[in-house]
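> The following block contains the structure, expressed as structure tokens.
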Amino acid sequence: MHKKSTALLAFVLMTALVLAALSWGGYKHWSTQRKQVDQTLGTLSDMLTTRREVITNILTVAARHLPKDDALIAVVEKDKNLLAGTQSLPLKAAANERLSQNAQALLAALAKTPSVVSDVRDSMYVNQMLPQALEQSASMVQEAAYNAQAESFNRQIGESFSGSLARFLGVRPAQQFLPDPLPEVKP
Amino acid sequence: MKNRMFLCVCLLMAFVILGSANAQEVLVVRDSAGVLGAATLKDARALVSLVEESTDITLAVETRHFLGGAEVSAYAQRLLEETSDPSNTMLLLMVIGEEDYALAAGSGAAKLLNPAARETLLSTQFRSPFLARDYDRALSAFLSRTADQLAAATGKSIDQEGLFGQVKAPTPAPTSAPQSTGPYKRVSIFDFNSILGEQLKPTSIPQTQPENQREDKGLSLGSIVLIGIVLSMFFGKKNSGRGGCGCGPLGWIAGVFGASKIFGWRR
Numbered sequence: 001m002h003k004k005s006t007a008l009l010a011f012v013l014m015t016a017l018v019l020a021a022l023s024w025g026g027y028k029h030w031s032t033q034r035k036q037v038d039q040t041l042g043t044l045s046d047m048l049t050t051r052r053e054v055i056t057n058i059l060t061v062a063a064r065h066l067p068k069d070d071a072l073i074a075v076v077e078k079d080k081n082l083l084a085g086t087q088s089l090p091l092k093a094a095a096n097e098r099l100s101q102n103a104q105a106l107l108a109a110l111a112k113t114p115s116v117v118s119d120v121r122d123s124m125y126v127n128q129m130l131p132q133a134l135e136q137s138a139s140m141v142q143e144a145a146y147n148a149q150a151e152s153f154n155r156q157i158g159e160s161f162s163g164s165l166a167r168f169l170g171v172r173p174a175q176q177f178l179p180d181p182l183p184e185v186k187p
Numbered sequence: 188m189k190n191r192m193f194l195c196v197c198l199l200m201a202f203v204i205l206g207s208a209n210a211q212e213v214l215v216v217r218d219s220a221g222v223l224g225a226a227t228l229k230d231a232r233a234l235v236s237l238v239e240e241s242t243d244i245t246l247a248v249e250t251r252h253f254l255g256g257a258e259v260s261a262y263a264q265r266l267l268e269e270t271s272d273p274s275n276t277m278l279l280l281m282v283i284g285e286e287d288y289a290l291a292a293g294s295g296a297a298k299l300l301n302p303a304a305r306e307t308l309l310s311t312q313f314r315s316p317f318l319a320r321d322y323d324r325a326l327s328a329f330l331s332r333t334a335d336q337l338a339a340a341t342g343k344s345i346d347q348e349g350l351f352g353q354v355k356a357p358t359p360a361p362t363s364a365p366q367s368t369g370p371y372k373r374v375s376i377f378d379f380n381s382i383l384g385e386q387l388k389p390t391s392i393p394q395t396q397p398e399n400q401r402e403d404k405g406l407s408l409g410s411i412v413l414i415g416i417v418l419s420m421f422f423g424k425k426n427s428g429r430g431g432c433g434c435g436p437l438g439w440i441a442g443v444f445g446a447s448k449i450f451g452w453r454r
């Protein structure tokens with residue numbers, strides 16, 4: 001009887017030790033991985049700053065040729081400010097997507113403005129330089145490594161046993177720079 | 188002998204490197220926006236050299252299309268601080284697309300030209316042609332008059348004969364601008380940084396883990412051996428009184444190793 005209880009105690013102790021070792025190892029590993037994903041978030045922030053600067057330049061030219069209360073200017077300005085704020089990544093991603101469309105629409109509207117048509121320099125900005133910069137900044141944001149890293153991290157932490165332990169101990173999946181999916185509209 | 192030759196080669200290389208670094212520093216008139224004529228650039232650089240030789244003050248010029256929302260005076264000040272000798276430098280920043288400009292001066296330069304004098308120079312020589320988009324005339328008039336005033340302040344003379352003698356006709360637009368009619372040809376390459384406040388630098392994205400970070404592989408070999416020994420101590424046969432080969436824990440170790448594979452404790 002005594003022998004059996006000692007064996008049981010030893011088994012429980014061993015299992016507890018093994019679990020503790022695995023949990024600690026898993027936590028350490030996945031929190032390090034998470035830190036690396038967060039580091040690439042810095043690169044994405046740099047790209048978003050670049051995007052904001054390009055949008056600011058478009059607004060600078062727009063302010064010379066369109067009325068201050070122009071609806072497109074207001075929308076673009078609002079989304080540009082969203083990129084700078086402390087909003088969640090999905091909100092910023094949605095603002096970034098809207099910016100691509102609205103800033104292009106603003107440039108198209110500017111290109112038709114008589115004052116731009118008659119101004120060689122601003123025509124060059126509106127028809128060549130700024131659209132190209134807008135496109136470049138969009139692809140830079142798209143190609144920022146953050147999303148790939150976050151997606152890979154989330155997949156791996158979800159698939160492994162140590163990942164499950166790490167999640168149990170508080171390592172959260174990384175938030176992706178993607179707009180929230182639109183809610184399904186029921187007919 | 189060989190050592191001496193090696194030393195000579197090293198010294199020669201050092202001089203070449205230093206020489207090229209200095210040559211880059213001399214180019215203080217930087218037309219990132221591409222709005223200045225070649226003749227203006229050449230004369231501006233020549234005048235900057237003359238001013239530097241006579242007064243020890245460096246005149247620097249930078250043109251940009253946009254600053255991406257950065258404040259022009261603060262940006263000019265930051266550019267000034269990035270020069271090789273900020274205290275003896277005066278930097279003119281021309282922001283073409285924002286129709287704005289700023290003049291930043293280091294402490295040494297400010298002693299020779301006080302803020303009021305600098306403001307007067309800008310308003311009388313620079314502002315009107317700049318806003319009329321005659322950038323060549325704006326720059327040449329500003330540099331020429333500034334050189335005169337710096338020479339007067341230091342008691343030196345600067346011979347400007349032949350410089351800016353033939354200023355180009357007013358240039359209403361950047362040199363790369365297309366005609367206002369007809370389809371626009373797409374500019375394939377432009378200096379992306381000339382429209383940004385913060386210049387983009389190559390970023391390093393951590394792709395691999397540092398070597399000193401251990402990868403998580405569940406149970407390590409050491410842990411398996413230790414667990415095997417502990418298990419054999421508790422559950423192994425009692426060999427007291429009988430001699431054994433001492434390899435009793437090996438079975439337990441192999442067992443733990445197998446169990447760790449089966450249950451995925453070890454990847």
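If you read the protein sequences in the order shown, they are chains A and B. For what it's worth, the numbering used here labels the leading residue of the first sequence as 1, then goes sequentially. For what it's worth, the numbering used here labels the leading residue of the second sequence as 188, then goes sequentially. Note that beta-carbon positions come from the ideal geometry of N, C-alpha and C, so glycine has one too. Here the structure is a predicted model, which is why all the values come from computation and not from measurement.
1) To the nearest angstrom, how far is the alpha carbon of V120 of chain A from that of G255 of chain B?
2) By the 10 Å Cβ neighbour count, where 16 or more other Cβ atoms means buried, how is E240 of chain B classified, buried or exposed?
3) Between S410 of chain B and chain A, is any beta-carbon pair separated by less than 8 Å?
4) Since L418 of chain B meets chain A, which of its residues come closer than 7 Å, beta carbon to beta carbon?
5) Could you give the distance in angstroms between the alpha-carbon of Q156 of chain A and the alpha-carbon of N81 of chain A?
6) Let me check one thing: in DSSP terms, what residues is M14 of chain A bridge-paired to?
7) Taking a Cβ distance cut-off of 7 Å, strictly less, list which residues of the stretch 157-168 of chain A are near chain B, in chain order.
8) Going by the DSSP bridge assignment, what does T56 of chain A pair with across the sheet?
9) Using three-state DSSP, classify R332 of chain B as helix, strand or coil.
10) Using the beta-carbon of each residue, which ones in chain B are nearer than 7 Å to T56 of chain A?
11) Of all the CB atoms in chain B, is at least one closer than 8 Å to the CB of T60 of chain A?
12) Under 8 Å between beta-carbons, which chain B residues line up against E77 of chain A? List them in chain order, please.
13) Does A20 of chain A get closer than 8 Å to chain B when you measure Cβ to Cβ?
14) Curious, which full-length beta strand (DSSP E) runs of at least 3 residues does the stretch 268-344 of chain B contain?
15) Which chain B residues sit within Cβ distance under 7 Å of A7 of chain A?
16) Is E135 of chain A close to chain B, meaning its C-beta is less than 8 Å from at least one C-beta of that chain?
17) Taking the C-alpha atoms as reference points, what is the distance between T311 of chain B and G295 of chain B?
18) Is the Cβ-Cβ distance between A95 of chain A and L107 of chain A less than 8 Å?
19) Are there three or more Cβ pairs, one per stretch, closer than 8 Å when the stretch 228-245 of chain B is compared with the stretch 262-278 of chain B?
20) Could you check what DSSP says for V215 of chain B in three-state terms: helix, strand or coil?
21) Hey, out of B:V215, B:F253, B:W439, whose CA is closest to Y288 of chain B's CA?
22) Would you decide whether G158 of chain A is buried or exposed? Buried here means 16 or more other CB atoms lie within 10 Å of its CB.
23) For the stretch 314-325 of chain B, which residues have a beta carbon sitting closer than 9 Å to at least one beta carbon of chain A?
24) Determine which residues share a DSSP beta bridge with V248 of chain B and list them.
25) Please compile the residues from chain A whose C-beta is within a distance smaller than 7 Å of the C-beta of E285 of chain B.
26) For the structure I just gave you, are there three or more beta carbon pairs, one from the stretch 38-47 of chain A and one from the stretch 11-27 of chain A, closer than 8 Å?
27) Identify which residue in A:D180, A:H2, A:S5 has its Cα closest to the Cα of A93 of chain A.
28) So what's P179 of chain A in DSSP terms, helix, strand or just coil?
29) Using the beta-carbon count (16 or more within 10 Å), is E285 of chain B buried or exposed?
Checking against the coordinates, here is how it stands:
1) Distance between the alpha carbons of V120 of chain A and G255 of chain B is about 21 Å.
2) The residue in question, E240 of chain B, is exposed, as its Cβ has fewer than 16 Cβ neighbours within 10 Å.
3) Yes, S410 of chain B counts as interfacial toward chain A.
4) In chain order: M14.
5) Cα to Cα, the separation comes out at about 34 Å.
6) Looking at the DSSP assignment, M14 of chain A forms no beta bridge with any residue, so it has no partner.
7) F161, S162: these are the residues of the stretch 157-168 of chain A whose beta carbon lies less than 7 Å from some beta carbon of chain B, given in chain order.
8) None; T56 of chain A has no bridge partner.
9) The three-state secondary structure of R332 of chain B, taken from DSSP, is helix.
10) For T56 of chain A, the chain B residues whose C-beta falls within less than 7 Å of its own C-beta are G255, G256, listed in chain order.
11) T60 of chain A counts as touching chain B.
12) Correct list: empty, because the minimum Cβ distance to chain B is about 11 Å.
13) Not closer than 8 Å to any Cβ of chain B, the Cβ of A20 of chain A fails to qualify, so no.
14) Segments of the beta strand (DSSP E) lying fully in the stretch 268-344 of chain B: 276-282, 287-292.
15) Residues of chain B passing the Cβ test: F421, F422.
16) It does not: the Cβ of E135 of chain A has no partner Cβ on chain B nearer than 8 Å.
17) One alpha carbon belongs to T311 of chain B, the other to G295 of chain B, and they sit about 23 Å apart.
18) No.
19) Touching, yes.
20) Three-state DSSP puts V215 of chain B in coil, outside helix and strand.
21) Nearest in C-alpha terms to Y288 of chain B, of all of B:V215, B:F253, B:W439, is B:F253.
22) By the neighbour-count definition (other C-beta atoms within 10 Å, threshold 16), G158 of chain A is an exposed residue.
23) Along the stretch 314-325 of chain B, the positions whose C-beta sits under 9 Å from a C-beta of chain A are R320, read in chain order.
24) By DSSP's assignment, V248 of chain B forms a beta bridge with B:V216, B:L279.
25) By Cβ distance, chain A contributes T60.
26) Contact fails: fewer than three Cβ-Cβ distances are below 8 Å.
27) Nearest of A:D180, A:H2, A:S5 to A93 of chain A, Cα basis: A:D180.
28) Correct three-state label for P179 of chain A: coil.
29) Classification of E285 of chain B: buried, given that the 10 Å Cβ count is 16 or more.
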